[in-house]
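Read through the structure below, which is laid out as structure tokens, and then see the notes.
Numbering (full-length UniProt numbering), first residue to last: 1 to 448.
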């Protein structure tokens, strides 16, 4: 009887209102007590740290036969009704790490023909991108809708170097990888000689890319299949809050994805709302034009790969350095230390800071520029201005408690306060891994 009643109350939503401060104080105390109770239910922080370390260990496993055996273990355990670790995700982490580190000499990204791709429809994103129809998409050679991200067009004078980087990125994104990474599959790359640029040909979700009508206007892509960035969604929200459970789940997925990227020694370097894409739900496509486009917030995808790179431990002259302008965007989503010194080696903590900016926006469901007073251009030499912006963000994070609860607000504030460890590259990696485990543990307790 108690269990059935509990299930009923879980489905209920209660609203407490009042005209004075006492109602708000009462609600704050309820939230605090609920968070204490949740602490008795969830796994301890050390368990999250150990799980993260397990994924990092698997990223160093280079033996393909071992990874194949591990991949099949979860299926075997399920057939015998046994519980198991997420072996499939662990194995895919190893496979993807091999691709990131270029350990498989037999893998080569496809160089695709630009003539097979129809005129594109521009997508508003952090990098030039468009949706287009690929007439003979590999491997089935069928017509498919694709997402092209144009990159390496303005950052490199040497087109040979640009081609190598495009091929390497396409090779990496075309490898098997965990779904938790939130990275799209890559069919290959194309060269646009006329505009002196290269494009990564990426796969949207299955229901978006397939089922393209055979009769169509040249260059036509249905608006119902077009993606929208998180930045565009926040701009259009105009103060309307998305459901809190959706915001919490989105934040969890993004932080978990960044951890998986770091596991395979890869840093994104361009995390911002314009680099996070959503595609319409499958239901949206099954209705006529009168149905409003509904985005699938459960399946975000990271894009904006023009600045991403392997996070090597080599600190010598061959190590890639982030320099400005060109190879990194110096704006409010970039860590203050990087703003002040663009030649500084990129730390994984800088990715975390960028995630913190995005989590702040998700919490309020408003763009950063509507939350904090930002200059049109951030002067890198103006240390006081840079520190003032960061402090304003942290104050906004502390004020989030009324909307999201103190646990989520604390996570955002901690991300915005992240700084490199100051030690060697390996020490910095270890410190960042522990930091992310603590963030993931805290976010795991955020429920609505």
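Glycine is no exception: its CB is placed at the ideal position from the N, C-alpha and C atoms.
Sort the options by Cα distance to residue i and report the nearest one.
i	options	result
residue 436	196, 348, 395	348
residue 123	352, 425, 304, 362	304
residue 68	373, 88, 192	88
residue 365	248, 187, 102	248
residue 197	83, 127, 97, 425	127
residue 140	79, 209, 170, 97	209
residue 125	422, 284, 151, 119	151
residue 191	292, 185, 162	162
residue 114	199, 177, 275	199
residue 257	102, 352, 373	352
residue 224	244, 292, 109	292
residue 255	182, 120, 135	182
residue 372	129, 382, 391	391
residue 228	275, 242, 425	275
residue 340	195, 310, 389, 409	389
residue 251	431, 426, 356, 76	356
residue 61	138, 97, 285	97
residue 378	359, 285, 401, 335	335
residue 404	148, 265, 242	242
residue 136	147, 117, 344, 149	117
Name the one or two DSSP bridge partners that residue i has.
i	result
residue 149	129, 200
residue 174	Answer is none; residue 174 lacks a bridge partner.
residue 114	Bridge partners of residue 114: none, in fact.
residue 188	201
residue 144	134
residue 100	DSSP output for residue 100 lists no bridge partner at all.
residue 121	131
residue 496	Any answer about residue 496 is impossible in this case: the structure gives the chain only from 1 up to 448.
residue 302	276
residue 310	266
Among residues of its own chain, excluding the 5 on either side of residue i, which ones have a beta-carbon nearer than 8 Å to its beta-carbon?
i	result
residue 367	231, 234, 235, 273, 361
residue 42	Reliability of the predicted coordinates at residue 42 is poor, the pLDDT of 48 falling under 50, and no value is obtained from them.
residue 189	109, 110, 111, 112, 166, 167, 169, 170, 198, 199, 200, 201
residue 90	54, 55, 58, 70
residue 121	130, 131, 132, 219, 221, 226
residue 281	294, 295, 296
Leaving out five residues on either side along the sequence, give the residues of the same chain with a beta carbon under 6 Å from the beta carbon of residue i.
i	result
residue 354	271, 333
residue 420	347, 349, 428
residue 80	none
residue 107	171
residue 374	332
residue 65	none
Less than 7 Å between C-beta atoms, sequence neighbours within five positions excluded: which residues of the same chain meet that for residue i?
i	result
residue 52	259, 433, 436, 437
residue 263	55, 56, 59, 93
residue 324	Reliability of the predicted coordinates at residue 324 is poor, the pLDDT of 44 falling under 50, and no value is obtained from them.
residue 205	279, 299
residue 413	394, 397, 398
residue 145	131, 133, 204, 208, 209, 212, 221, 225
Hey, is residue i's beta-carbon within less than 7 Å of any beta-carbon in chain B?
i	result
residue 231	Absent here is chain B; the protein component of the structure consists of one chain.
(message) Please give the ranges of any alpha helix (DSSP H) in the segment 351 to 417, keeping only runs that are unbroken, at least 4 residues long and fully inside the region.
(response) 383 to 398, 401 to 404, 406 to 416
(message) Runs of 4 residues minimum, wholly inside the segment 240 to 298: which ones carry the alpha helix (DSSP H) assignment?
(response) 244 to 263, 282 to 285
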